[in-house]
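All remarks here apply to the structure that follows.
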Amino acid sequence: MRFSLRLPAILRRRTDKSARAPLEAMHGRLLLAGLVFASVYLTIAGRLVWFGLTPDRPSVAYLTAQDSVSAARPDILDRNGETLATDIRTASLYAEPRKIIDVDEAMEALATVLPELDTDTVRRKLSSDTGFQWLKREVTPAIRDKVHALGIPGIGFLTENKRFYPGGPLAAHIMGSVNIDNQGIAGIEKHIDDDGLADLQALGFAKNRELEPVRLSIDARVQHVVRDEVIRGVETFGAKAGVGIVMDVETGEIIAMSSIPDFDPNDPAQALEKDNMNRATAGVFELGSVFKTFSTAMALDSGKVGLNDSFDARVPLRFGGRTITDFHGKHRVLTVPEIFIFSSNLGTARMALSVGIDAEKEFLDRIGMFKRVPMELPESAGPIVPRHWPQVTAVTVSFGHSISVTPMHAVVAASALMNGGLYIPPTFYPRTHEQAMKVARRVVSPETSDKMRYLFRLNVEKGSGKRAEAPGYRVGGKTGTAEKVVNGSYSGNKNLNSFLAAFPMDKPRYVVLSVVDEPDPSRAGGRTAGFTATTVVSGIVRRIAPMLGVQPKFPPDLSAEIMAEASARTRAQ
Amino acid sequence: MARFINALGIMTVIVMIAVAAVVYALKKNAEVAGYAVAQLAQQIDDEHERIATLKAEWSLLDQPARLQALVEHFKDKLVLSAITADQIGHISEIPMAPKPAAVEAAPAEGAAAPKQPAR
Chain A
107 MRFSLRLPAI LRRRTDKSAR APLEAMHGRL LLAGLVFASV YLTIAGRLVW
157 FGLTPDRPSV AYLTAQDSVS AARPDILDRN GETLATDIRT ASLYAEPRKI
207 IDVDEAMEAL ATVLPELDTD TVRRKLSSDT GFQWLKREVT PAIRDKVHAL
257 GIPGIGFLTE NKRFYPGGPL AAHIMGSVNI DNQGIAGIEK HIDDDGLADL
307 QALGFAKNRE LEPVRLSIDA RVQHVVRDEV IRGVETFGAK AGVGIVMDVE
357 TGEIIAMSSI PDFDPNDPAQ ALEKDNMNRA TAGVFELGSV FKTFSTAMAL
407 DSGKVGLNDS FDARVPLRFG GRTITDFHGK HRVLTVPEIF IFSSNLGTAR
457 MALSVGIDAE KEFLDRIGMF KRVPMELPES AGPIVPRHWP QVTAVTVSFG
507 HSISVTPMHA VVAASALMNG GLYIPPTFYP RTHEQAMKVA RRVVSPETSD
557 KMRYLFRLNV EKGSGKRAEA PGYRVGGKTG TAEKVVNGSY SGNKNLNSFL
607 AAFPMDKPRY VVLSVVDEPD PSRAGGRTAG FTATTVVSGI VRRIAPMLGV
657 QPKFPPDLSA EIMAEASART RAQ
Chain B
21 MARFINALGI MTVIVMIAVA AVVYALKKNA EVAGYAVAQL AQQIDDEHER
71 IATLKAEWSL LDQPARLQAL VEHFKDKLVL SAITADQIGH ISEIPMAPKP
121 AAVEAAPAEG AAAPKQPAR
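Residue numbers (the working numbering), protein chains in the order written: chain A, 107 to 679; chain B, 21 to 139.
Printed below as a string of structure tokens:
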């Protein structure tokens with residue numbers, strides 16, 4: 107049987123003797139192949155066009171050890187743009203122990219450049235089986251170059267940002283400090299962290315210098331003057347400590363704040379010493395007679411007491427075992443202005459009693475004496491307020507004892523009394539008058555504010571504040587000589603002197619407070635605020651008034667002018 | 021038809037080679053440009069560092085405490101003292117110049133005609 111295979115048609119054509127058939131077959135196959143290749147090339151061309159059209163995608167950045175340590179912080183500037191804090195790049199030495207070949211050789215080489223490294227710790231670190239160990243952080247460029255020249259494998263450097271404060275101790279308590287990882291641990295540095303920088307850094311955004319600098323309301327020149335004068339006062343009067351605060355009454359901005367003794371934030375270890383604490387906002391004191399400012403304002407604002415009223419200062423007040431008298435008492439009936447300028451405890455006590463204990467508590471709460479001062483600094487102490495208020499407590503509170511507040515409490519409350527009666531919470535950041543008005547609340551009437559201005563000015567013209575006058579700048583204020591509690595009883599020898607002032611009194615712009623803690627009684631001036639704290643305030647105002655743009659004027663009788671202006675205003679209403 | 025397909029094929033091959041060459045050139049240029057950009061970015065970073073260091077140095081030199089100490093130290097040469105309130109005034113405190121009074125026809129000695137009033 108003849109066996110013949112039936113070949114597939116396309117192959118059968120091959121055996122076909124016809125000349126045209128193979129060509130046609132080829133045509134078909136060629137066309138097919140051509141189409142396949144064409145489609146491949148078209149796809150490639152199409153992809154090229156597609157790549158050309160898509161926008162650039164940013165490349166993925168891999169997180170390295172360098173990124174996790176170079177947490178940048180924004181510069182801190184004062185209100186005029188002067189640098190108060192900035193970052194400096196330094197090198198920090200690290201080791202990768204897994205890559206170190208010979209620990210002894212590495213240690214010997216390192217010891218030639220860094221002899222202060224503790225050999226046991228370093229040996230332990232280099233011998234461990236870890237991938238990364240710090241050896242020494244924040245070394246100088248010279249040391250970095252020397253270690254680099256040693257050529258030890260497994261040792262390297264990461265650049266870190268070190269916080270530098272060009273002013274040194276200038277605004278120490280305001281700046282606060284940062285830890286070795288450039289995280290804020292106190293002061294405005296901590297506030298910046300809490301306010302969002304820490305979150306930014308956690309998300310990985312705050313890597314380099316692109317952060318906007320932070321502006322404060324502090325004026326570096328005024329801050330220097332305040333610090334300089336407070337230090338001078340502490341030295342001259344042999345005091346233990348001192349405080350100086352300047353606040354803008356129209357906006358609530360803190361222009362300067364200094365507490366002596368202070369520290370250099372470039373050396374954060376100093377900040378931990380207890381004596382260098384921030385007495386301006388974190389220390390509470392019985393302020394003594396400066397509190398009469400608030401008692402008098404309370405009495406005048408209640409409507410029950412007027413400037414022409416009188417109170418009996420002849421007879422001491424007795425409550426059970428306690429007797430209240432006047433220091434250098436006048437032993438007669440005193441008018442309200444006389445009570446203020448002679449700083450009579452008896453007059454103030456009777457004035458406060460005439461208003462009532464509940465009214466006194468309500469007024470002090472209104473001016474913020476029962477709560478922490480609301481501000482950006484984390485170090486803000488709460489006042490020590492008596493729990494029970496029998497008459498004797500109400501009386502002692504009226505002249506500033508039995509209640510302990512921070513100097514900042516006094517400044518903010520006085521500012522409310524000087525600006526027309528509006529309590530504005532203080533701030534360390536720039537703020538306009540309009541913004542301040544949005545957060546202000548009325549605590550006394552404008553008439554009361556006028557009367558307080560009159561009394562403040564009268565006290566400097568005729569009362570205990572004479573030494574606080576700075577010619578041309580119309581200072582007004584109240585002295586406070588508070589006996590401090592030693593071993594449970596008031597000591598005649600240890601005083602806290604303060605002067606709570608404002609200037610210029612015709613239209614106050616700034617409140618200035620100076621506190622001199624425990625001046626030496628044997629020095630000239632002794633322990634009276636009328637000598638110590640007033641001198642500091644006078645020195646401060648004399649130097650800062652031109653800087654702050656306060657025009658000098660020389661009115662012959664400013665207190666009378668204020669009174670006339672106030673009466674005209676009351677009559678006009 | 022075959023010749024046409026051949027020509028098309030050769031053309032396609034030539035075009036492909038040309039395209040490949042162009043793409044390679046573009047890629048090379050992009051690499052070079054990318055390198056230049058990275059270098060510039062590094063230089064900008066270094067300049068920013070330098071500016072920051074200089075700003076810190078300037079701030080250090082411009083501190084009020086330092087300037088005060090310098091004034092104190094060189095007070096013999098500089099002879100500077102603190103400004104006092106009576107040295108500061110305001111432009112409004114300076115009165116305007118008085119109008120010049122008209123000069124009457126009172127002849128001066130030896131003068132023939134009255135002089136013009138000074139303006």
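Idealized CB from N, CA, C, for every residue including glycine.
Sequence-ordered contacts of the segment 244-267 of chain A with chain B are nonexistent [C-beta pairs closer than 9 Å].
The beta carbon of Glu202(A) does not come within 8 Å of any beta carbon belonging to chain B, so the residue lies off that interface.
Counting every other CB atom within 10 Å of its CB across the protein chains shown gives His330(A) a total of 16 or more, marking it as buried.
Think of a sphere of 9 Å around the beta carbon of Met31(B): no beta carbon from chain A falls inside it, the nearest being about 12 Å out. The alpha-carbon of Ala53(B) is positioned some 18 Å away from that of Ala41(B).
Nearest to Met543(A) by C-alpha distance, out of Asp556(A), Leu393(A), Gly527(A), Ser323(A), is Gly527(A). By the C-beta criterion, the segment 521-539 of chain A is judged not to be in contact with the segment 366-376 of chain A, since fewer than 3 inter-stretch pairs fall below 8 Å. Within the segment 591-655 of chain A, the complete beta strand (DSSP E) segments at least 3 residues long are 595-609, 616-623, listed from N- to C-terminus. Distance from the CA atom of Gly645(A) to the CA atom of Asp663(A), rounded to whole angstroms, is 22 Å. Flagged as an interface residue toward chain B: Pro577(A), by a C-beta distance shorter than 8 Å.
DSSP lists Val352(A) as the bridge partner or partners of Ala362(A). With respect to the C-alpha of Pro275(A), the residue from Ala191(A), Gly594(A), Gly409(A) having the closest C-alpha is Ala191(A). Check the Cα spacing between Phe505(A) and each of Arg537(A), Val340(A), Ile445(A): the tightest is with Ile445(A). Judged by beta-carbon spacing, Met457(A) lies within the 8 Å limit of Phe417(A), meaning their Cβ atoms are closer than that value. Here DSSP, grouped into helix, strand and coil, assigns Asn267(A) to strand.
Here Lys600(A) is not near Glu575(A), since their CB atoms are 8 Å or more apart. When C-beta distances to chain A are compared with 8 Å, the residues of the segment 57-72 of chain B below that value are Asp65, His68, Glu69, Ala72, in chain order. Ranked by how close their Cα comes to the Cα of His68(B), the residues Leu317(A), Ser323(A), Thr429(A) have Leu317(A) in first place. Taking C-beta separations shorter than 6 Å and ignoring five residues to either side along the sequence, the partners of Gly488(A) in its chain run Arg478, following chain order. For the 8 Å CB-CB criterion, Asp370(A) and Ser551(A) do not form a contact. Counting the other CB atoms within 10 Å of its CB gives Gly358(A) a total of 16 or more, which places it among the buried residues. Any Cβ of chain A closer than 8 Å to the Cβ of Ala50(B) would place that residue at the interface, and such an atom is absent. Straight-line spacing of the CA atoms in Arg629(A) and Met383(A) works out to 26 Å. The segment 259-273 of chain A and the segment 202-213 of chain A touch, with three or more beta-carbon pairs separated by less than 8 Å. Inter-residue distance for Ala304(A) and Arg250(A) is about 29 Å (C-alpha atoms, whole angstroms). For Ala405(A), the CB contacts under 8 Å within the same chain, skipping 5 residues up- and downstream, are Val411, Val442, Met457, Ala458, Ser460, Val461 in chain order. At the C-beta level, Val352(A) and Val618(A) come within 8 Å of one another. Glu266(A) sits away from Gly282(A), with the two beta carbons spaced by 8 Å or more.
Sequence-distant Cβ neighbours of Asp432(A) in its own chain, meaning closer than 7 Å and more than five residues away, are Ala419, Ser450, Asn451, Leu452. In the displayed model, Lys252(A) falls within a helix according to three-state DSSP. Here Gly578(A) carries a coil assignment [DSSP, helix/strand/coil]. With respect to the C-alpha of Ala308(A), the residue from Arg179(A), Arg573(A), Pro492(A), Gly474(A) having the closest C-alpha is Arg179(A).
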